[in-house]
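Residue 194 in my numbering sits at position 106 of the sequence shown, and the numbers go up by one each step.
A virtual CB, placed ideally from N, CA and C, is assigned to each residue, including glycine.
This structure is a prediction, so every number in the text was calculated from the model and none was measured.
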Amino acid sequence: MIGLCLGLSGAIWAQVQVSDFTLAWNHTIEKVRWEEDYRVTEAGLVLGEARVKGNGAGMDIPEGARLENGSWRFHRQLPPLQPLKLGRTPQAGDYQLCHAGHCQPMSHWLGAPSTEQPAVELWSCTL
89 MIGLCLGLSG AIWAQVQVSD FTLAWNHTIE KVRWEEDYRV TEAGLVLGEA
139 RVKGNGAGMD IPEGARLENG SWRFHRQLPP LQPLKLGRTP QAGDYQLCHA
189 GHCQPMSHWL GAPSTEQPAV ELWSCTL
């Protein structure tokens, strides 16, 4: 069975049994929520729809986005990501992993963000 691995440089820190998930976070300066939907495949993480509540520093709403229920919704055409690299520091706050309508901070699996370990990678893996 394929699921989601969290770690760095191939070292697995946690595994999550999901076939799809939403990665959510708040922009560090603008405090605007950003969400990206991913599907877990053997080739990697496939980005589906992305949503953002508004634009700001480094967060321009892409051309073709549509406003729906207070969020700008759009799709980006990217190859599967394997791995998806994320910065994770105490100053930026934590990411959330959401699945089946329930969200948990990434700290649930990895502990709190720290300056000693300011990054994490997500990739598809065999559970």
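According to DSSP, is residue i helix, strand or coil?
{"i": "L185", "result": "strand"}
{"i": "H115", "result": "coil"}
{"i": "S195", "result": "helix"}
{"i": "V128", "result": "strand"}
{"i": "R139", "result": "strand"}
{"i": "Q200", "result": "Here the sequence assigns Ala to residue 200, which means Gln is not the residue at that position. A200: coil per DSSP, three-state reduction."}
Of all the options the options, which has the alpha carbon lying nearest to the alpha carbon of residue i?
{"i": "S202", "options": "Y183, V104, Q103 and R121", "result": "Y183"}
{"i": "I100", "options": "P206, L198 and N114", "result": "L198"}
{"i": "E137", "options": "A207, H163 and T177", "result": "H163"}
{"i": "S115", "options": "M194, K141, V128 and T129", "result": "According to the sequence displayed, residue 115 carries His and not Ser. Nearest of M194, K141, V128 and T129 to H115, Cα basis: K141."}
{"i": "W113", "options": "S212, E204, P178 and L215", "result": "P178"}
State the beta-bridge partners of residue i as determined by DSSP.
{"i": "L92", "result": "V104 and S212"}
{"i": "R176", "result": "None; R176 has no bridge partner."}
{"i": "S159", "result": "E156"}
{"i": "R121", "result": "N114"}
{"i": "A207", "result": "G175"}
{"i": "L133", "result": "V128 and L169"}
With residue i and residue j assumed to form a contact (beta carbons below 8 Å), what rounded beta-carbon distance in angstroms separates them?
{"i": "E209", "j": "L172", "result": "7 Å"}
{"i": "V120", "j": "Y126", "result": "With 8 Å as the limit, V120 and Y126 do not qualify as a contact, their Cβ atoms being about 20 Å apart."}
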